[in-house]
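Visitor: Structure incoming, see below.
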Ligand code: ADP
């Protein structure tokens with residue numbers, strides 16, 4: 015069963031990373047919102063200044079004497095009325111966002127109340143009240159003509175119902191209302207400026223209402239690309255963070271796997287060391303108790319010492335391969351003698367196990383430049399494995415061919431085969447396939463690792479085909495250089 019790797023580090027980084035991303039989103043959203051609000055408020059202040067300067071300029075344009083002349087309803091027929099209203103109208107028309115421009119003052123009879131003096135649209139304050147509806151004007155410019163004076167045309171001395179607080183404050187100096195307010199036009203801001211006589215006394219206040227919808231729309235339109243960019247940046251940061259977290263987790267996973275493999279290798283090595291050591295201990299005990307002879311004991315001890323030596327050598331070779339320091343020494347090698355030596359050893363093993371060994375090796379082979387030690391180790395290991403992993407009564411075929419300066423060796427057996435799921439890892443260090451790892455067939459999983467290392471170090475290739483319970487075929491190809 016495959017071991018599940020525990021990823022303590024990766025769990026933490028996922029949580030911490032997730033938290034950082036969330037905080038980043040929160041902070042960025044908050045900061046963007048504050049920036050947006052701040053920019054809107056800056057631009058609104060700007061608008062206030064503009065509105066104030068319009069109100070102040072217009073207030074300076076109105077003659078206080080004209081205001082004094084307009085006291086009662088009947089005064090709308092005086093020339094001063096036409097003069098004042100036309101000035102207001104002109105100023106209003108020059109500023110397309112201004113929806114009302116009007117003059118009012120404290121009532122002389124009750125200074126806590128206000129009355130209108132004039133309005134930009136009120137050249138004929140009764141036009142909407144006469145019998146003939148075709149005369150009606152859209153005094154407030156909202157696109158609709160309300161019946162019976164509901165378009166609010168003012169005449170001198172008309173009550174100003176429920177004047178806002180700012181209308182009184184404007185007696186002390188120009189100001190705008192603090193908050194935008196809603197009316198039929200949408201959001202509106204009003205600027206007030208006092209009209210003073212030559213003694214500096216305030217005779218009336220000029221009010222100017224400006225529509226801010228367009229302004230707000232423009233402001234938003236200006237800010238939206240900026241906000242979109244921030245959203246894009248935040249998304250990019252999130253995506254990058256997710257990628258980084260994943261990469262990090264992958265690394266932690268790899269480290270954990272390497273760690274696990276190290277532990278596994280360590281436990282195999284210890285296990286393999288303990289087997290001969292126990293055998294030696296056990297033999298010495300037998301000798302002490304007089305159950306065996308010294309000669310027999312020495313033979314066993316020598317065998318176990320050889321096993322220890324070969325294990326130590328195998329581990330050493332594996333370490334050299336891993337470090338890329340395999341001491342390959344090319345020297346003239348007579349291939350006839352080479353294969354004869356190997357097959358002498360293997361035929362003994364095959365005979366002992368009653369496995370049929372069929373060889374096909376050309377009778378006259380050249381002398382080539384090869385590393386004898388590592389090449390022998392490889393071919394011997396493949397043949398030993400073939401015999402080792404083939405049941406008694408099975409068969410091993412060994413074929414050697416040389417074609418275009420490439421020597422190919424094929425070792426085919428009818429043995430236990432290598433399960434599909436292990437095939438990718440079979441050349442790994444100390445890897446033993448699942449079908450033999452816990453069997454009584456001895457092995458340390460270093461042979462194929464060393465074989466691959468030594469063949470590749472000489473520019474060759476090694477691969478295999480295998481089917482579980484049917485058999486395995488190993489292929490080796492080594493480029494040859496004929497010895498002088
Ligand atoms: P070992 O000492 O275990 O034989 P090797 O490195 O030589 O180590 O081989 C690694 C593993 O490959 C073996 O443990 C075995 O599972 C598998 N293997 C190698 N050769 C054969 C074969 N001819 N038939 C079946 N399995 C094989």
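Residue numbers (my numbering): 15 to 498. Each residue gets a CB set at the ideal place from its N, CA and C atoms; glycine is no exception. Quantities reported herein were computed from a predicted structural model and do not represent experimental measurements.
Which two residues bound the contiguous alpha helix (DSSP H) that contains residue 231?
Guide: Reading the chain shown from its first residue, position 217 is the one you call residue 231. Element bounds for residue 231: 227-302.
Visitor: Quick one: is the Cβ of residue 446 within less than 7 Å of any heavy atom of the ligand ADP?
Guide: In the chain shown, the residue the question calls residue 446 occupies position 432. Within the cutoff, so yes.
Visitor: With a cut-off of 8 Å, do at least 3 Cβ pairs link the region 197-212 to the region 34-42?
Guide: Segments in contact, no.
Visitor: Alpha carbon to alpha carbon, what distance is there between residue 237 and residue 255?
Guide: The residue labelled residue 255 in the question sits at position 241 within the chain shown. The residue labelled residue 237 in the question sits at position 223 within the chain shown. So the alpha carbons of these two residues sit roughly 27 Å apart.
Visitor: Could you tell me whether the Cβ atoms of residue 218 and residue 170 are closer together than 8 Å?
Guide: Your numbering for residue 218 matches position 204 in the chain shown. Your numbering for residue 170 matches position 156 in the chain shown. Against a cut-off of 8 Å, the Cβ pair of residue 170 and residue 218 comes out as no contact.
Visitor: If you count every other CB in all the chains shown that lies within 10 Å of the CB of residue 496, and 16 or more means buried, which is it?
Guide: By one-based count along the chain shown, residue 496 stands at place 482. Exposed.
Visitor: When the Cβ atoms of the region 294-302 are set against those of the region 327-340, are three or more pairs found closer than 8 Å?
Guide: With a cut-off of 8 Å, the region 327-340 and the region 294-302 do not count as touching, because too few Cβ pairs lie within range.
Visitor: Tell me whether residue 501 counts as near the ligand ADP, meaning its Cβ is closer than 7 Å to at least one heavy atom of that ligand.
Guide: This structure does not reach residue 501, given that the chain is present from 15 up to 498, and the question cannot be answered.
Visitor: Would residue 427 and residue 407 qualify as a contact pair, given that the criterion is a beta-carbon distance under 8 Å?
Guide: By one-based count along the chain shown, residue 427 stands at place 413. By one-based count along the chain shown, residue 407 stands at place 393. Contact: no.
Visitor: Quick check: does the Cβ of residue 427 come within less than 7 Å of any heavy atom belonging to the ligand ADP?
Guide: Position 413 of the chain shown, counted from the first residue, corresponds to residue 427. Yes, the beta carbon of residue 427 sits closer than 7 Å to at least one heavy atom of the ligand ADP.
Visitor: To the nearest whole angstrom, what separates the beta carbons of residue 69 and residue 188, a pair I think is in contact under 8 Å?
Guide: Here the question's residue 69 lines up with position 55 in the chain shown. Here the question's residue 188 lines up with position 174 in the chain shown. Indeed, because the Cβ distance is near 6 Å, the residues count as touching under 8 Å.
Visitor: Please list the terminal residues of the continuous beta strand (DSSP E) segment that includes residue 493.
Guide: Taking the first residue of the chain shown as 1, we reach residue 493 at position 479. Counting along the chain, the beta strand (DSSP E) containing residue 493 begins and ends at 485-493.
Visitor: I need the boundaries of the beta strand (DSSP E) containing residue 414, first residue and last residue.
Guide: Within the chain shown, the letter at position 400 stands for residue 414. 409-417 is the span of the beta strand (DSSP E), which, as asked, contains residue 414.
Visitor: Do you know whose CA, among 76, 403, 492, 220, lies nearest residue 453's CA?
Guide: The count along the chain shown starts at 1 and reaches residue 453 at position 439. Answer by Cα proximity: 403.
Visitor: Could you tell me the alpha carbon to alpha carbon distance between residue 357 and residue 376, rounded to whole angstroms?
Guide: In the chain shown, counting from the first residue as 1, residue 357 sits at position 343. In the chain shown, counting from the first residue as 1, residue 376 sits at position 362. One C-alpha to the other measures close to 13 Å.
Visitor: Does any heavy atom of the ligand ADP sit closer than 7 Å to the C-beta of residue 301?
Guide: Residue 301 sits at position 287 when you count from the first residue of the chain shown. Not under cutoff, so the answer is no.
Visitor: Going by CA-CA distance only, name the one from 38, 322, 253, 221 that's closest to residue 294.
Guide: As a working mapping, residue 294 is identified with position 280 in the chain shown. Considering only alpha carbons, the answer is 322.
Visitor: Which residues in the same chain have their Cβ closer than 7 Å to the Cβ of residue 415, if we skip the five residues on either side of it in sequence?
Guide: The count along the chain shown starts at 1 and reaches residue 415 at position 401. Cβ neighbours of residue 415 beyond the five flanking positions: 422.
Visitor: Give the DSSP-derived three-state secondary structure of residue 323 in the structure shown.
Guide: What you label residue 323 is simply residue 309 of the chain shown in a count that begins at 1. It is helical.
Visitor: Please report the distance separating the alpha-carbon of residue 266 from that of residue 455.
Guide: The residue you call residue 266 lines up with position 252 of the chain shown. The residue you call residue 455 lines up with position 441 of the chain shown. In a straight line, the C-alpha of residue 266 is about 35 Å away from that of residue 455.
Visitor: What is the DSSP secondary structure of residue 205, reduced to helix, strand or coil?
Guide: Here residue 205 refers to the residue found at position 191 of the chain shown. Strand at residue 205.
Visitor: Grab the span of the beta strand (DSSP E) containing residue 359 for me, first residue to last.
Guide: For the purposes of this step, residue 359 is identified with residue 345 of the chain shown, where counting begins at 1. Taken as a continuous stretch (DSSP letters only), residue 359 belongs to no beta strand (DSSP E), being part of the alpha helix (DSSP H) at 349-367.
Visitor: What ranges does the alpha helix (DSSP H) occupy inside the region 442-485, keeping only unbroken runs of at least 4 residues that lie completely in it?
Guide: DSSP runs (the alpha helix (DSSP H)) wholly in the region 442-485: 448-451, 461-471.
Visitor: Identify whether residue 378 lies in helix, strand or coil by the three-state DSSP scheme.
Guide: Locating residue 378 in the chain shown gives position 364, counting from the first residue. Coil.
Visitor: Grab me the residues of residue 341's own chain with a C-beta within less than 8 Å of its C-beta, minus the 5 sequence neighbours each way, in chain order.
Guide: In the chain shown, the residue the question calls residue 341 occupies position 327. The answer, listed in chain order, is 334.
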